[in-house]
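Let me begin by presenting the structure, written as structure tokens, before commenting on it.
In UniProt numbering, the protein residues as written are 1 to 122.
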């Protein structure tokens, strides 16, 4: 059961990262006020000890940048001014998102094939 939950969390994070990568690419072409997704990370970041510390650090970095951008987007909406969006350098997200995606995909590959070993009959 625990492994199934972990797989679900990792798949959800990958889904968020894919969404955020598309948003990042669109944002670099034209400013917009769509926010980056961070919900899965917020809910699970403190329960992810099964993820390599280096990957957790990369994920934390990517989501911290996304949160920072979301605050700028909120400010732009609040003040109805796109000037707040001018300072957003979405290229900062490119590498952390790519590394996060790669690491999570590798984790998924290694872990979704793991079958529970049959327990000896007693």
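Virtual Cβ for every residue (Gly too), placed ideally from N, Cα, C. Treat the numbers as computed from the prediction; the structure is a model and nothing was measured.
My assumption, with CB atoms under 8 Å, is that residue 16 sits in contact with residue 40. Please give the rounded CB distance. 5 Å
Whose C-alpha, out of 82, 95, 48, is nearest the C-alpha of residue 20? 95
In whole angstroms, what separates the C-alpha of residue 48 from that of residue 37? 18 Å
Return the Cβ separation of residue 123 and residue 24 in integer angstroms, given the expectation that the two are a contact with Cβ distance under 8 Å. The structure shown does not extend to residue 123, since the chain is modelled only from 1 to 122, so the question has no answer here.
Verify whether the separation of the beta carbon atoms of residue 72 and residue 85 is less than 8 Å. yes
By the DSSP assignment, the alpha helix (DSSP H) with residue 39 in it spans what residues? 39–44
DSSP-derived helix/strand/coil call for residue 107: helix
Beta-carbon proximity check, residue 62 vs residue 29, cutoff 8 Å: no
Are residue 13 and residue 112 closer than 8 Å when you measure CB to CB? no
In this structure, how does DSSP classify residue 80 when only helix, strand and coil are distinguished? coil
Inter-residue Cα distance where the pair is residue 65 and residue 1: 32 Å
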